[in-house]
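Q: Residue 114 in our numbering is what sits at position 113 of the sequence shown, and the numbering runs on without skipping anything. One structure is given below, represented as structure tokens, and several questions about it will come after.
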Amino acid sequence: MKIEDFFRDIPNFPKEGILFKDITPLLLNPEATQFCLTTLAETIKDKKINKVVGVESRGFFFGMLLAQYLHAGFVPVRKPKKLPYKTISASYALEYGTDSLEIHVDAIQPGDKVLIHDDVLATGGTAEAVCKLVEQLGGEIVQINFLMELSFLNGREKLAEKEIFAAVTY
Numbered sequence: 002m003k004i005e006d007f008f009r010d011i012p013n014f015p016k017e018g019i020l021f022k023d024i025t026p027l028l029l030n031p032e033a034t035q036f037c038l039t040t041l042a043e044t045i046k047d048k049k050i051n052k053v054v055g056v057e058s059r060g061f062f063f064g065m066l067l068a069q070y071l072h073a074g075f076v077p078v079r080k081p082k083k084l085p086y087k088t089i090s091a092s093y094a095l096e097y098g099t100d101s102l103e104i105h106v107d108a109i110q111p112g113d114k115v116l117i118h119d120d121v122l123a124t125g126g127t128a129e130a131v132c133k134l135v136e137q138l139g140g141e142i143v144q145i146n147f148l149m150e151l152s153f154l155n156g157r158e159k160l161a162e163k164e165i166f167a168a169v170t171y
């Protein structure tokens with residue numbers, strides 16, 4: 002089975018010139034979802050992860066599944082003002098400005114072994130911001146994993162000393 006066979010290309014979304022990789026067909030297929038989950042989890046199954054951080058919003062799908070698979074807690078990282086308790090935030094650059102992400106102040110404890118999961122590694126700005134949040138709270142990032150990596154956007158450069166795994170690389 003090839004995970005990329007379950008990605009659908011959507012031209013000019015969300016704007017002209019972008020070829021969006023839609024993961025909905027993957028989510029619709031239980032066998033493909035299980036295969037993808039196993040592919041992601043096998044790279045870290047022996048690393049004693051106790052928290053999985055999922056990045057809003059598509060990172061929640063497999064982030065929660067990975068947390069269940071690994072018997073770990075799930076930590077959502079969200080856009081500003083979406084989490085109800087006290088938060089810390091980190092900003093990151095977009096091609097036309099900045100955005101930020103937040104995490105609850107008590108979501109990660111010092112020494113927690115953390116897996117960060119998101120759907121796509123593109124420019125690396127989002128993942129870099131999430132790493133800053135986890136490390137600020139004292140977590141140890143064991144791996145950052147993605148459903149897919151768009152390698153031509155050089156996102157790994159911002160995550161230079163982190164272990165990275167992508168199920169599919171373009």
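Ideal placement from N, C-alpha and C gives every residue a C-beta, glycine not left out.
Nearest to residue 129 by alpha carbon, out of 31, 46 and 161?
A: Ranking the options by Cα distance to residue 129, first place goes to 161.
Q: What's the C-alpha gap between residue 110 and residue 70?
A: Roughly 21 Å separates the two Cα atoms.
Q: Taking DSSP as the reference, what is the three-state secondary structure of residue 114?
A: Reduced to three states, the DSSP call for residue 114 is strand.
Q: Output the boundary residues of the beta strand (DSSP E) element that contains residue 99.
A: Start and end: 98–105.
Q: I'd like the list of long-range same chain contacts for residue 74, defined as Cβ closer than 6 Å, with 5 residues on each side in sequence excluded.
A: Answer for residue 74: 52, listed in chain order.
Q: Whose CA, out of 7, 77 and 79, lies closest to the CA of residue 32?
A: For the residues 7, 77 and 79, the minimum Cα distance to residue 32 belongs to 7.
Q: Extract the residue ranges of the alpha helix (DSSP H) inside the stretch 39–76, only unbroken runs of 4 or more that lie entirely within it.
A: 60–71, all fully within the stretch 39–76.
Q: On the DSSP bridge list, what partners appear for residue 94?
A: According to DSSP, which records beta bridges pairwise, residue 94 is partnered with 99.
Q: Please report how far the alpha carbon of residue 24 lies from the alpha carbon of residue 150, in whole angstroms.
A: Cα to Cα, the separation comes out at about 13 Å.
Q: On the premise that residue 102 lies in contact with residue 50, defined as a C-beta separation below 8 Å, what is that separation, rounded to the nearest angstrom?
A: So it is not a contact: roughly 20 Å between Cβ atoms.
Q: Just to confirm my understanding: we take residue 59, look at its own chain, exclude 5 residues before and 5 after, and list those with CB closer than 6 Å. What are they?
A: Closer than 6 Å at the Cβ level, and outside the excluded window around residue 59, lie 120.
Q: Is any heavy atom of the ligand GTP found at a distance shorter than 8 Å from the C-beta of residue 105?
A: No copy of the ligand GTP occurs in the structure displayed, which carries no ligand at all.
Q: Among residues of its own chain, excluding the 5 on either side of residue 27, which ones have a beta-carbon nearer than 8 Å to its beta-carbon?
A: Excluding sequence neighbours, residue 27 sits near 4, 7, 8, 33, 34, 37 and 148.
Q: Residue 100 to residue 40, Cα distance in whole Å?
A: Going by the C-alpha atoms only, they are around 31 Å apart.
Q: Would residue 142 and residue 118 be called neighbours here (beta carbons separated by less than 9 Å)?
A: No, they are not a contact pair.
Q: Determine the closest residue to residue 132 out of 104, 154, 153 and 152, with distance taken between C-alpha atoms.
A: Answer by Cα proximity: 104.
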